[in-house]
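Note sheet for the following structure.
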Amino acid sequence: MKSNIVTAMLFNSRVRVSVMNTTEVVKEAQKIHGTCHTATAALGRAITAGVMLGDSLKEKDYKCSLILNGGGPVGRIIVDSNNAVHVRADIDHPVVNLPLRADGKLDVGGAVGVNGYLRIIKDIGLKEPYIGTVDLVSGEIGEDLTSYFFYSEQIPSAVAVGVLVNPQNEVLASGGFLAQLLPDHKEEHIEFLEGIIGTFGKGISHMLFDTPDTEELLSRLLKDAEYHINSKKEIEYRCNCSRQKLTAAIISMGRQEIASLIEEGGAELTCHFCNSKYYFSKEDLEQILQDAIGRGNPDGKEE
Ligand code: ZN
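When we follow our numbering, the leftmost residue of the sequence shown carries the number 21, and every step to the right adds one.
Below is the structure:
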């Protein structure tokens, strides 16, 4: 089953609930980055959080980035997403495998760390991007995103993200649940959501393992409540890197750096998000230098 997110509205649009299954995209991310156990869970939860944020953007061309930096062993995690829920991610240190917590869960908080921040950057068609930053609560990502929604967007939310990884480091299930209280919500709506969250038991990843179909899980969670499905989107791991963008990155290195790459006889650049490799020969680099920087002045002296 392809990864997807389904979003429903309840109580005359006073409550919004989403359920997402990100198993396949997290498997793909794991393959690209070579993450093991705890790092897989951290990356998978961050990707799921990125999916929630991307899905909630209002217009088609809007996009966002999530940056998680808690000072823990996995280092920094970045997730780019957009309204069409195309995601891509990067993690500094993919080989992190911490002992399980006392409750048997993967120690994502320990891997991410708590001495840092969660930052969300949204490009919503304005001159400047919107940037919201909160201090990490636990590094477990769900709580941290809840804190972001509350303090940066003033939306009371319940967030659950989870990744089920077996001892062989296989992703068995990954996904999340997001409930948000919208304007004019009532006390009874809060109680309703608390009731749902009370049924989570071992967590959202176990629920998705048992019920991978998001619409089916949504209907089980919402029980008798009346709702209508607002949207259902397929989630894809998709990188938008290109030779042109990598060329721009080379130009930004400056002429001295390019000259030293030419001396080395060429350069191979790897995209951090998808592992695509781009090879620039000595001649390519000389051309870049000539076209964009020094006008045929590879030794870096001003003409
Ligand atoms: Zn790429």
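Even glycine gets a Cβ: it sits at the ideal position worked out from N, Cα and C.
Remember, it's a predicted structure, so these values are computed and weren't measured experimentally.
Quick check: does the Cβ of residue i come within less than 7 Å of any heavy atom belonging to ligand 1?
i           : result
residue 293 : yes
residue 177 : no
residue 85  : no
residue 296 : yes
residue 56  : no
Am I right that residue i and residue j are in contact with their C-beta atoms under 8 Å? What's the rounded C-beta distance?
i           : j           : result
residue 191 : residue 310 : At roughly 47 Å, the Cβ-Cβ gap does not stay under 8 Å, so residue 191 and residue 310 are not in contact.
residue 65  : residue 161 : 4 Å
residue 98  : residue 59  : The pair is not a contact, with the Cβ atoms about 14 Å apart (cut-off 8 Å).
residue 62  : residue 132 : 5 Å
Compare the Cα-Cα distances from residue i to each of the options and report the closest residue.
i           : options               : result
residue 142 : 269, 305, 171 and 78  : 78
residue 226 : 204, 119, 184 and 198 : 184
residue 21  : 217, 282, 34 and 44   : 44
residue 152 : 137, 224, 126 and 146 : 137
residue 364 : 290, 285 and 291      : This structure leaves residue 364 out entirely; the chain is present only between 21 and 323.
residue 154 : 172, 95 and 147       : 172
Within its chain, find whatever has a CB closer than 8 Å to the CB of residue i; leave out the 5 residues flanking it on each side and keep chain order.
i           : result
residue 24  : 40, 41, 234, 252, 253, 254 and 255
residue 105 : 25, 71, 74, 75, 253, 254, 255 and 256
residue 221 : 227
residue 115 : 54, 55, 56 and 59
Report all residues from its chain with a CB closer than 6 Å to the CB of residue i; omit the five preceding and five following residues, and keep chain order.
i           : result
residue 100 : 85 and 108
residue 321 : Interpretation of residue 321 is limited by its pLDDT of 46, a score under 50 that renders its predicted location unreliable; the figure taken from the coordinates is listed afterwards. Around residue 321: no qualifying Cβ.
residue 223 : 182
residue 242 : none
residue 208 : none
Starting from the C-beta of residue i, find all residues in its chain whose C-beta is less than 7 Å away, skip the five residues before and the five after it, and write them out in chain order.
i           : result
residue 307 : none
residue 130 : 92 and 118
residue 237 : 39, 227, 228 and 231
residue 250 : 27, 28 and 29
Give the list of continuous beta strand (DSSP E) stretches no shorter than 3 residues that lie fully inside the region 166-249. 177-185 and 191-201
Which ranges does the beta strand (DSSP E) cover as unbroken runs of at least 3 residues, wholly within the region 69-96, from first to last along the chain? Along the region 69-96, the beta strand (DSSP E) occurs as fully enclosed runs of 3 or more residues at 83-89, listed in sequence order.
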